[in-house]
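To convert a position in the sequence shown, counted from 1, into our numbering, add 2.
All C-beta atoms in this analysis are idealised placements derived from N, C-alpha and C, irrespective of residue type, glycine included.
Remarks on the structure that follows.
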Amino acid sequence: MIMLPGLSGGLGTYELPLDTLREVFDLSVHDRMLYDRLIELEDVRPQTVLEHSRDVGSTGVGGVELARTCTRRNWTEKASRELGQMAVLHQALRQLGGDAVKDMKR
Numbered sequence: 003m004i005m006l007p008g009l010s011g012g013l014g015t016y017e018l019p020l021d022t023l024r025e026v027f028d029l030s031v032h033d034r035m036l037y038d039r040l041i042e043l044e045d046v047r048p049q050t051v052l053e054h055s056r057d058v059g060s061t062g063v064g065g066v067e068l069a070r071t072c073t074r075r076n077w078t079e080k081a082s083r084e085l086g087q088m089a090v091l092h093q094a095l096r097q098l099g100g101d102a103v104k105d106m107k108r
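Printed below as a string of structure tokens:
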């Protein structure tokens, strides 16, 4: 389901099935590519939508700035994830090795 705010400025919210989106709105190339990916998903979750959105945005069909932003955010998230994994590994080694493990932050 797609939830849309009141189209005439009202307080209500409209809910439309995802498969009717193309019939109701004229979609840009970027939106059509994203729609085609999302319509095939069985389990739509925010993280899944974000991943597909960034993948489509990275292609450049939404413009150069969007492509750069998506690429940068993907890289930042990957680096953050890897840093977290290294911190956990470092902490485990220090706990298991005690004083024998030197400072590995360098």
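Do you know whose CA, among the options, lies nearest residue i's CA?
{"i": "serine 30", "options": "Met3, Val58 and Ser10", "result": "Val58"}
{"i": "aspartate 38", "options": "Ala81, Asp21 and Val26", "result": "Asp21"}
{"i": "threonine 73", "options": "Arg83, Gly65 and Arg56", "result": "Arg56"}
{"i": "aspartate 40", "options": "Ile4, Gly14 and Thr15", "result": "A quick correction: the sequence has leucine, not aspartate, at residue 40. When only C-alpha atoms are compared, the closest one is Ile4."}
{"i": "leucine 52", "options": "Gln97, Gly11, Glu79 and Arg24", "result": "Glu79"}
{"i": "leucine 18", "options": "Leu43, Pro7 and Arg47", "result": "Pro7"}
Assuming residue i contacts residue j under a Cβ cut-off of 8 angstroms, what Cβ separation, rounded to an integer in Å, is found between them?
{"i": "valine 63", "j": "methionine 35", "result": "6 angstroms"}
Are residue i and residue j closer than 8 angstroms when you measure CB to CB?
{"i": "tyrosine 16", "j": "leucine 9", "result": "yes"}
Classify residue i as helix, strand or coil using the three-state DSSP reduction.
{"i": "glutamate 187", "result": "For the chain, the structure presents residues 3 to 108; residue 187 sits outside this window and is missing."}
Near residue i, which residues of its chain fall below 8 angstroms by C-beta distance, leaving aside the five closest residues on each side in sequence?
{"i": "alanine 69", "result": "Gly59, Ser60, Thr61 and Gly62"}
From the beta carbon of residue i, is the nearest beta carbon of chain B less than 8 angstroms away?
{"i": "aspartate 33", "result": "This model lacks chain B altogether, as it is built from one protein chain only."}
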